[in-house]
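Accompanying notes for the structure given below.
Number of protein chains: 2
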Amino acid sequence: MAHQTVGQAGLPDDPRAAVTEPSPSCPVEITLAALRGRWTTLLVRELLRGERTFSELRDALPALSDKVLSDRLAQLTEAGVLDRERRSGWPPRTCYRLTPQGRRLGPVLQALWDWGAERL
Amino acid sequence: MAHQTVGQAGLPDDPRAAVTEPSPSCPVEITLAALRGRWTTLLVRELLRGERTFSELRDALPALSDKVLSDRLAQLTEAGVLDRERRSGWPPRTCYRLTPQGRRLGPVLQALWDWGAERL
Numbered sequence: 072m073a074h075q076t077v078g079q080a081g082l083p084d085d086p087r088a089a090v091t092e093p094s095p096s097c098p099v100e101i102t103l104a105a106l107r108g109r110w111t112t113l114l115v116r117e118l119l120r121g122e123r124t125f126s127e128l129r130d131a132l133p134a135l136s137d138k139v140l141s142d143r144l145a146q147l148t149e150a151g152v153l154d155r156e157r158r159s160g161w162p163p164r165t166c167y168r169l170t171p172q173g174r175r176l177g178p179v180l181q182a183l184w185d186w187g188a189e190r191l
Numbered sequence: 072m073a074h075q076t077v078g079q080a081g082l083p084d085d086p087r088a089a090v091t092e093p094s095p096s097c098p099v100e101i102t103l104a105a106l107r108g109r110w111t112t113l114l115v116r117e118l119l120r121g122e123r124t125f126s127e128l129r130d131a132l133p134a135l136s137d138k139v140l141s142d143r144l145a146q147l148t149e150a151g152v153l154d155r156e157r158r159s160g161w162p163p164r165t166c167y168r169l170t171p172q173g174r175r176l177g178p179v180l181q182a183l184w185d186w187g188a189e190r191l
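Here it is in structure tokens:
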């Protein structure tokens, strides 16, 4: 594999690739912050498979408490990863679904998966 | 973009893609654990640019304390990301360099960067 250098090969002129200390505006930090916390990546995985109601998410991840599920959904909404949509009808349903930006986490999770899978 | 689903499109039969709670053996968790902590990704960035001595790393990241630098180098060694090599000669030099596995973090950091850069 080519010796790829973040901030050199792909991004020669981006001053953010030259920071000399951790910065919350570093793109890498932004992504890691969006994925931070137990359950977060599993929730994104579920939503990559399709939109889900709160109770569908709870059923898919039964060991996840309602409180943590609510917190994680709020965190991911704040990060621009997902939004919710109220469906009319009876009973009314609220669905959580990835935003276009959230769907672009697919390749990111795949890259994280691929590296970890080679480590095993 | 295609609706990519981790653990479905790419990895149809891998039972690790079906876990219903956080697991340290999940490949995604392994990668996130290797990158965890302040300064870790910046250190990997420096080493993607080439092998470095302790003092070269300190010069590149001047706000990083010796203690944290030592801790992070130990963490990354433990994770299989880097190793050190003693160079003969005078004065003797100890160089830190990425392992082949460590160099494969290049595309991972690039994926993390790309997502965060789109968010700004």
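In order, the protein sequence lines correspond to chains A and B. Residue 72 is where the first sequence starts when you use this note's numbering, and the numbers rise one by one after that. Residue 72 is where the second sequence starts when you use this note's numbering, and the numbers rise one by one after that. Beta carbons are placed, not taken as given, at the ideal position from N, Cα and C, and that holds for glycine. The model shown is predicted, which means the values in this text are computed figures rather than measured ones.
Assigned exposure category for residue i - 16 Cβ within 10 Å defines buried
i: B/E156; result: exposed
i: B/G173; result: buried
i: B/R143; result: buried
i: B/G177; result: buried
i: A/T165; result: exposed
i: B/D185; result: buried
8 Å CB neighbourhood of residue i in its chain, flanking five on each side removed
i: A/A150; result: A104 and A105
i: B/A131; result: E117 and R123
i: A/C97; result: R87 and V90
i: B/D154; result: T148, Y167, R168 and T170
Whole-Å CB distance - residue i paired with residue j, under 8 Å assumed
i: B/G187; j: B/Q146; result: Not a contact, Cβ separation roughly 22 Å.
i: B/P95; j: A/L113; result: So it is not a contact: roughly 13 Å between Cβ atoms.
i: A/T152; j: A/T102; result: Note that residue 152 of chain A corresponds to Val in the displayed sequence, not to Thr. So it is not a contact: roughly 10 Å between Cβ atoms.
Residue i: first and last residue of the uninterrupted alpha helix (DSSP H) it sits in
i: A/E149; result: D137 to E149
i: A/D185; result: L176 to R190
i: B/E100; result: P98 to L106
i: A/T111; result: T111 to L119
i: A/A131; result: F125 to A131
Sequence-distant residues of its chain with Cβ nearer than 7 Å to residue i (five each side left out)
i: B/V99; result: none
i: A/V139; result: W110
i: B/V77; result: Per-residue confidence for B/V77 stands at a pLDDT of 49, beneath the threshold of 50, marking its modelled position as unreliable; the derived number appears in the next sentence. Excluding positions up to five away in sequence, the list reads A88.
Contacting residues, own chain, Cβ-Cβ under 6 Å from residue i (five flanking each side not counted)
i: B/A89; result: none
i: B/L135; result: W110
Continuous beta strand (DSSP E) stretch holding residue i: start and end
i: B/D154; result: L153 to R158
i: B/T165; result: R164 to L169
Check: Using a Cβ cut-off of 9 Å, which residues of the stretch 144–156 of chain B contact any Cβ in chain A, in chain order?
Finding: So the list reads A150 and G151, given in the order they occur along the chain.
Check: Name the residues in the stretch 121–141 of chain B whose C-beta lies less than 8 Å from a C-beta of chain A; which are they?
Finding: In summary, the residues of the stretch 121–141 of chain B whose CB is separated from some CB of chain A by less than 8 Å are A131, L132, P133, A134 and L135, in the order they occur in the chain.
Item checked: Residues, ordered as in the chain, of the stretch 157–172 of chain B that lie near chain A by beta-carbon distance below 8 Å -> Residues passing the 8 Å Cβ filter: Q172.
Notebook entry, point to check: Which residues, taken in chain order from the stretch 90–105 of chain A, show a beta carbon closer than 9 Å to some beta carbon of chain B?
Noted result: Cβ contacts with chain B come from V90, T91, E92, P93, S96, C97, P98, V99, E100, I101, T102, L103, A104 and A105.
Next item on the list: Taking only beta carbons into account, state which residues of the stretch 175–186 of chain B come closer than 8 Å to chain A, listed in chain order.
Entry: Answer in chain order: R175, L176, G177, P178, V179, L180, Q181, A182, L183, W184, D185 and W186.
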